[in-house]
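Student: First, the structure itself, so that you have it in front of you.
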Amino acid sequence: MDLGYAGRVAVVTGGTSGIGLACARLLLAEGASVAICGRDEARLASAREALGGGESLLAHRCDVLDGAQVAGFAEAVRGWRGRCDLLVNNAGQGRVSTFAETTDEAWREELELKFFSQIRPLRAFLPLLRASDAAAIVGVNSLLALQPEPHMVCTSAARAGVQNLLKSLATELAPAIRVNSILLGLVDSGQWQRRWQAAHAETGIGREAWFASLAAKKGIPAGRLGQPEEPARAILFLGSPAASYVTGAQLEVSGGVSRFL
Ligand code: NDP
Numbered sequence: 007m008d009l010g011y012a013g014r015v016a017v018v019t020g021g022t023s024g025i026g027l028a029c030a031r032l033l034l035a036e037g038a039s040v041a042i043c044g045r046d047e048a049r050l051a052s053a054r055e056a057l058g059g060g061e062s063l064l065a066h067r068c069d070v071l072d073g074a075q076v077a078g079f080a081e082a083v084r085g086w087r088g089r090c091d092l093l094v095n096n097a098g099q100g101r102v103s104t105f106a107e108t109t110d111e112a113w114r115e116e117l118e119l120k121f122f123s124q125i126r127p128l129r130a131f132l133p134l135l136r137a138s139d140a141a142a143i144v145g146v147n148s149l150l151a152l153q154p155e156p157h158m159v160c161t162s163a164a165r166a167g168v169q170n171l172l173k174s175l176a177t178e179l180a181p182a183i184r185v186n187s188i189l190l191g192l193v194d195s196g197q198w199q200r201r202w203q204a205a206h207a208e209t210g211i212g213r214e215a216w217f218a219s220l221a222a223k224k225g226i227p228a229g230r231l232g233q234p235e236e237p238a239r240a241i242l243f244l245g246s247p248a249a250s251y252v253t254g255a256q257l258e259v260s261g262g263v264s265r266f267l
């Protein structure tokens with residue numbers, strides 16, 4: 007099936023590692039021009055190298071929580087290609103904390119990260135999306151939105167709100183812009199790598215053993231964590247012209263770990 011990305015322009019926030027980097031790689035392979043962002047110049051440079059550089063890639067330093075930087079990123083894309091067909095709002099990370107551990111400041115930070123990592127890029131790229139005849143947004147979210155975990159209490163609550171927001175946007179922006187979301191389970195990417203490194207520093211546990219015990223502890227029916235390409239492929243489908251009648255949908259990519267219908 008041709009997803010229809012040839013000649014199109016995609017923007018992926020948080021494209022320097024994990025799922026965002028995998029999305030950028032797949033989009034480039036499909037013939038799209040791809041703009042990625044991240045907060046760190048060195049990580050942007052290594053992502054640019056990993057993606058083979060070239061004219062079809064724009065790597066721009068931008069913190070999605072900084073309105074001026076996000077506006078600058080949109081301006082750079084406008085100057086580069088003049089429009090945006092797909093916005094993948096992917097930048098972010100989770101926060102591990104129970105209610106007792108979560109301060110008011112931590113709540114504010116988490117709500118800011120989860121909501122404004124969607125809201126700011128959306129506002130900034132809206133005019134460029136409106137210049138497309140097949141515009142789409144994919145919000146990268148977590149199963150925690152529907153299945154909260156007590157050890158990730160504020161992330162779970164924030165993600166539920168984001169899921170609600172994305173559903174509203176699918177209505178408000180229709181029919182010009184489709185809005186869909188991905189609900190992730192556990193994917194072996196930068197944040198889990200960092201958590202393994204912390205465990206390794208403490209106990210010396212090897213990478214394979216730590217990831218296998220994590221999958222067993224979480225009861226993932228697939229028996230393993232996902233690889234970044236797996237959600238990336240789902241994101242590419244939802245964001246593509248091939249998914250022209252899909253909007254307001256949420257697609258779970260979790261190896262079957264959810265326990266709801
Ligand atoms: P990674 O840590 O591998 O990638 C996160 C990316 O986001 C990096 O490119 C990082 O770059 C960027 N980023 C983080 N904060 C910002 C910011 N404020 N502004 C711009 N870029 C930012 O993690 P994943 O690939 O796993 O994460 C992708 C998304 O999926 C995240 O939103 C995460 O919360 C979500 N998710 C992941 C799950 C998993 O199991 N992996 C589960 C549920 C949700 P840099 O640090 O250089 O800015």
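Residues in the sequence shown are numbered from 7 upward in steps of one, following my numbering.
Where is the CB? At the ideal position from N, CA and C, for every residue including glycine.
It should be emphasised that the depicted structure is a prediction, and the values quoted were computed from it without experimental measurement.
Drop a sphere of 10 angstroms on the beta-carbon of Val259, count the other beta-carbons inside from all chains shown, and report buried for 16 or more, exposed for fewer.
Tutor: Result: buried.
Student: Using a threshold of 7 Å, is the CB atom of Val40 nearer than that to any non-hydrogen atom of the ligand NDP?
Tutor: Not under cutoff, so the answer is no.
Student: When every heavy atom of the ligand NDP is checked, does at least one fall within less than 7 Å of the C-beta of Asn170?
Tutor: Because no heavy atom of the ligand NDP lies under 7 Å away, the Cβ of Asn170 does not count as near it: no.
Student: For Cys68, name the three-state secondary structure that DSSP assigns.
Tutor: Cys68: coil per DSSP, three-state reduction.
Student: Buried or exposed for Ala12, going by 16 or more other Cβ atoms inside 10 Å?
Tutor: The residue is exposed, with fewer than 16 neighbouring Cβ atoms inside 10 Å.
Student: Classify Cys90 as helix, strand or coil using the three-state DSSP reduction.
Tutor: Here Cys90 sits in coil by DSSP.
Student: Using only CA atoms, which one of Asp46, Ala16, Gly44 lies nearest to Val35?
Tutor: According to the sequence provided, residue 35 is Ala. The question's Val does not apply to it. Answer by Cα proximity: Ala16.
Student: Rounding to the nearest angstrom, what Cα-Cα distance links His157 and Glu107 in this structure?
Tutor: Cα to Cα, His157 sits roughly 9 Å from Glu107.
Student: On the premise that Cys160 lies in contact with Ser195, defined as a C-beta separation below 8 Å, what is that separation, rounded to the nearest angstrom?
Tutor: The pair is not a contact, with the Cβ atoms about 21 Å apart (cut-off 8 Å).
Student: Determine the burial state of Gln267: buried for a count of at least 16 other Cβ atoms within 10 Å of its Cβ, exposed for fewer.
Tutor: The sequence given here places Leu at residue 267; Gln does not occur at that position. By the neighbour-count rule (16 or more Cβ atoms within 10 Å), Leu267 is not buried but exposed.
Student: If you draw a straight line from the C-alpha of Ser162 to the C-alpha of Gly191, how long is it?
Tutor: So the alpha carbons of these two residues sit roughly 12 Å apart.
Student: To which residues does DSSP link Ala141 through a beta bridge?
Tutor: Ile183.
Student: Between the segment 163 to 181 and the segment 119 to 131, are three or more C-beta pairs nearer than 8 Å?
Tutor: The answer is yes - the segment 119 to 131 touches the segment 163 to 181, with three or more Cβ pairs under 8 Å.
Student: Between the Cα of Asp72 and the Cα atoms of Cys43, Leu92, Ala218, which residue gives the shortest distance?
Tutor: The shortest C-alpha separation from Asp72 is found at Cys43.
Student: Can you tell me whether Val193 sits near the ligand NDP, meaning its C-beta is under 7 Å from at least one heavy atom of the ligand?
Tutor: Yes, the Cβ of Val193 comes within 7 Å of a heavy atom of the ligand NDP.
Student: For Asn186, verify whether its CB is less than 7 Å away from any heavy atom of the ligand NDP.
Tutor: No, the ligand NDP has no heavy atom inside 7 Å of this Cβ.
Student: To which residues of the same chain is Glu235 closer than 6 Å at the C-beta, ignoring the five residues directly before and after it?
Tutor: The answer, listed in chain order, is Ala28.
Student: Helix, strand or coil, according to DSSP, for Gln256 in the structure here?
Tutor: In this structure, Gln256 counts as strand in the three-state DSSP scheme.
Student: At a cut-off of 7 Å, is Trp216 close to the ligand NDP when judged by its beta-carbon and the heavy atoms of the ligand?
Tutor: Flag unset: Cβ of Trp216 not near the ligand NDP.
Student: Using 8 Å for Cβ pairs, my map puts Thr19 next to Ala97. What's the rounded Cβ distance?
Tutor: Yes, Thr19 and Ala97 are in contact; Cβ-Cβ is about 4 Å, under 8 Å.
Student: Using a threshold of 7 Å, is the CB atom of Cys160 nearer than that to any non-hydrogen atom of the ligand NDP?
Tutor: No - the ligand NDP has no heavy atom lying nearer than 7 Å to the Cβ of Cys160.
Student: Go to Gly44, then tell me how far its beta strand (DSSP E) extends in each direction, as first and last residue.
Tutor: Note, Gly44: beta strand (DSSP E), 39 to 44.
Student: Who pairs with Thr19 in a beta bridge, going by DSSP?
Tutor: Partner(s): Cys43.
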